[in-house]
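Enquirer: In case it helps, the working numbering puts the sequence shown at residues 29 to 325.
Where a beta carbon is used, it is the ideal one built from N, C-alpha and C, also for glycine.
Dumping the structure here so I can ask a few things about it.
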Amino acid sequence: MDRIHQMQVLVAVAEEEGFSSAARRLSLSGPAITRAISSLEEDLNVQLFKRTTRQVRITEAGARYLEDVKRILSDITDAEETISETAAAPKGHLVVTAPAMFGRLHVMPGIATFLKKFPDMTVDALFLDRIVDMLEEGVDVGVRIGRLPDSSIRARKVAEVRTVLVGSPDYLVAKGIPRSPKDLANHALIAARTGNFSPAWRFSAENREISVKVRPRLTVTSNDAVIEAAVNGLGITRTLSYQVGPAVADGRLKVVLEEWELPPIPVHIIHREDRTVPVKVRAFIDCLYNSLKNALD
């Protein structure tokens, strides 16, 4: 006899506490229910129910087996739903979050590709320079730059970014190139007063870290403005490599103190730790992953 069928009968009898009510629930005959349970007990060599003329009660061994049976049937249902979804094109709505500048530069191209590929999808993009509580704010997929202490999320590492110091070629010709972090005391510094603002800049070399307290000549509230100020020759700033990638590539900025850089910072695509991942989420993550790999490699 089919074991899955027997398991389904077991669950129905246990929950209904009766053979007749289980038969009605499953649209089977009473004898069919009795045969299924008897066959299962014979196969397992254990009594699953105590039967009297007035009631049916599951045994202690039956209760333990019932827990495993429910989990197995749930896994089967999830697998069937997943394979059915896979055959269908994603549709519906997604909420996506990323740091503001990273979102604009690198996540938006992935979103654009996804929406062109799947016309039945809509996306709400939250580009914010703060940690978003994905469950509280109803976010499906996020990009996080940094370590991931939150165990309630699943993560797929896509790249690493560096923490770099940059200045314009004209500024560095005029003021000189710093050779160590201590030399920054003789330079005009530019700082962004964003979520990770600190009055001290950390550096690493030869397995040791040092911290240098900085006194910025200019402090602004956005990374875009900091980079613009550095390009205009106002001083040296510290930023993430992806933020100044275009300006470094075309020569408007130059990286300094590379040998003192901190270890690279991981970039992850994250989503909530759900039992099953909707097809729209899987499709978007795959699309965004490919887009980010091409952009950041």
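1. Taking a contact to mean a Cβ-Cβ separation below 8 Å, would you say Ala202 touches Leu262 in this structure?
2. When the Cα atoms are used, what is the spatial distance from Glu289 to Lys98?
3. Pick out the complete beta strand (DSSP E) segments inside the region 273 to 300, 3 residues or longer, and give them in chain order.
4. Do the CB positions of Met162 and Gly120 come within less than 8 Å of each other?
5. Could you tell me whether the Cβ atoms of Val284 and Val276 are closer together than 8 Å?
6. Here's the rule: buried if 16 or more other CB atoms are within 10 angstroms of the residue's CB, otherwise exposed. What is Thr125?
7. Excluding sequence positions up to five away, which residues of its chain have a Cβ less than 7 Å from the Cβ of Ser48?
8. With three or more C-beta pairs closer than 8 Å as the rule, is the region 307 to 315 touching the region 204 to 213?
9. Round the Cβ separation of Asp157 and Thr222 to the nearest angstrom and send it over; I've been treating them as touching at under 8 Å.
10. Which residue or residues does DSSP assign as beta-bridge partners of Leu246?
11. Please give the ranges of any beta strand (DSSP E) in the region 161 to 190, keeping only runs that are unbroken, at least 3 residues long and fully inside the region.
12. Might you give, ordered along the chain, the residues of its own chain that have their beta carbon closer than 8 Å to the beta carbon of Ile400, omitting 5 neighbours on each side?
13. Exposed or buried, what is Ala91 when buried is set at 16 or more other beta-carbons lying within 10 Å of its beta-carbon?
14. Start and end of the beta strand (DSSP E) containing Lys119?
15. How about Gly174 and Ile293: are their beta carbons less than 8 Å apart?
16. For the putative contact between Ala369 and Lys321, defined by C-beta atoms under 8 Å, what is the C-beta separation to the nearest angstrom?
17. Run through DSSP, which three-state label would Glu237 get?
18. By the 10 Å Cβ neighbour count, where 16 or more other Cβ atoms means buried, how is Gly166 classified, buried or exposed?
19. Opposite Gly195 in the DSSP bridges: which residues?
20. According to DSSP, Val84 sits in a beta bridge with which residue or residues?
21. Residues bridged to Val123 by DSSP?
22. Would you call the CB atoms of Ser226 and Leu281 closer than 8 Å?
23. Ordered along the chain, which non-local residues of its own chain (more than five positions away) have a Cβ less than 8 Å from that of Asp252?
24. Is Ser67 closer than 8 Å to Gln34 when the C-beta atoms are compared?
Expert: With the structure as the only source:
1. no
2. 53 Å
3. 282 to 284 and 293 to 300
4. no
5. no
6. buried
7. Gly58
8. no
9. 5 Å
10. Ile218
11. 169 to 173 and 181 to 189
12. For residue 400 there is no data in the structure shown, the boundaries of the chain being 29 and 325.
13. exposed
14. It is not in any beta strand (DSSP E) - Lys119 carries neither H nor E in the DSSP assignment.
15. yes
16. Residue coverage of the chain in this structure runs from 29 to 325, which leaves residue 369 outside it and unanswerable.
17. strand
18. exposed
19. Lys282
20. Arg79
21. Asp152
22. no
23. Met129
24. yes
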